[in-house]
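Engineer:
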Amino acid sequence: MPNLKSIKRKISSIKNTRQITKAMKMVAGSKLKRNQSAMNEFKAYASAYDDVIKNISYNTVLYSHPFYRKTDGGNTGIIIISTDRGLCGSFNINLFKLFLDELKSAGIDSSQAKLYILGKKGFDFFKKNNYEIIFNASFSESGQPLNLSAQLSDAILDDFTAGRIGTVYIISNRYISTLHQKAHAEKILPFDSRIAGENKNTGGYLVEPVGYEDEIIDKIFKDYIRNKIYSRILESFAGEQASRMNAMDNATRNAGKLINKLTVSYNKARQAAVTLEILDIINGVNAIK
């Protein structure tokens, strides 16, 4: 027979856990709205900047710029945007799985992968697996994400222009909807001259054939990398809170189901105990007679 006190303690413990997961769901929902707003506000700007790069790519003079130069072999820089905290479902696991898949499909040896990591979870995972980490920072300790994206882009561009890395990828979770976030990998360096053909609209302006040494062009390219990283950070923030909200909602629902199941077990055990007590009384009365 199940112990009534043991079942009662389990029910009480799970109820406390349910209160915590319910509160965490509400907090994540509140943060999600704020992060969605920031993501959507920046999305139009990021999209416009993508078009600028496509339009500039019509100017073949710029193909001598270091950001267009392709190198064979060499090291590959990979930006990983993870989270500082857990309890967000498979959000980080999907990133790590995609990273391993990308290495395999691109034929990149792990010794050639130079990692630039945002988020404690990513740092812990890759440090444990002995990857070379060039740059790492946590969101909770590094201030505003815009400043963090500037620091990271500076580190990436210094290594790229110095030839320490020949290709740069960014792996992060893209925000599809509240219920769907997808791990995504994108090459951001070197630029591909073929992207010019993807955009026939020049936006109503003409890019004059300035030299690639032009400071304005150089600043546009550097700002593009910084904005690309910042845009992915904002998407990751929104996706993290959506994933955490869904995970806590599932945990709350499962806790409720478990409480109901244990309550049924408790009632059955209590009913059995009462029945035994009644039988003991009846047997005692019969013995007296």
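All you need for this note's numbering is the position in the sequence shown, starting with 1, plus 3.
Just so you know, even glycine gets a beta-carbon here, dropped at the ideal spot from N, CA and C.
1) Could you give the distance in angstroms between the alpha-carbon of aspartate 112 and the alpha-carbon of tyrosine 134?
2) Do the CB positions of threonine 181 and alanine 245 come within less than 7 Å of each other?
3) If you reduce the DSSP assignment to three classes, tell me which class glutamine 184 lands in.
4) Please specify which runs of the beta strand (DSSP E), each continuous and at least 3 residues long, are wholly inside the region 72–146, giving them in chain order.
5) Can you say whether arginine 229 is buried or exposed, counting buried as having 16 or more other CB atoms within 10 angstroms of its CB?
6) Check whether the region 271–279 and the region 106–124 are in contact - that is, three or more C-beta pairs closer than 8 Å.
7) Would you list the residues sitting across from aspartate 170 in a DSSP beta bridge?
8) Tell me the DSSP bridge mates of serine 3?
9) Apart from the five residues just before and just after tyrosine 238, which ones in its own chain have a Cβ nearer than 8 Å to its Cβ?
10) Three-state secondary structure (DSSP) at tyrosine 233?
11) Out of curiosity, what's the CA-to-CA distance linking serine 234 and glutamate 144?
12) Report back the beta-carbon spacing between isoleucine 82 and isoleucine 173 to the nearest angstrom; my notes put them in contact at under 8 Å.
13) Using CA atoms only, rank isn't needed, just tell me which of Lys185, Leu7, Arg256, Phe224 is closest to leucine 101.
14) Are the beta-carbon atoms belonging to isoleucine 262 and isoleucine 17 less than 7 Å from one another?
15) If you run the structure through DSSP and keep just helix, strand and coil, what is asparagine 6?
16) Which same chain residues, not among the five before or five after asparagine 97, have their C-beta less than 6 Å away from its C-beta?
17) Hey, how far is the Cα of phenylalanine 240 from the Cα of serine 33?
18) List the endpoints of the continuous alpha helix (DSSP H) containing serine 152.
Structural biologist: Straight from the coordinates:
1) 11 Å
2) yes
3) strand
4) 79–84, 116–121, 135–140
5) buried
6) no
7) Checking the sequence, you will find threonine at residue 170 rather than aspartate. Threonine 170 pairs with Thr79.
8) In the structure as shown, the chain starts at 4 and stops at 292, and residue 3 therefore has no counterpart that could be examined.
9) Reading off the sequence shown, one finds glutamate at residue 238, where the question assumed tyrosine. Correct list, in chain order: Met42, Ser175, Asn176, Arg177, Tyr178.
10) helix
11) 20 Å
12) 4 Å
13) Lys185
14) Contact flag set, yes.
15) coil
16) Ala186
17) 12 Å
18) 148–164
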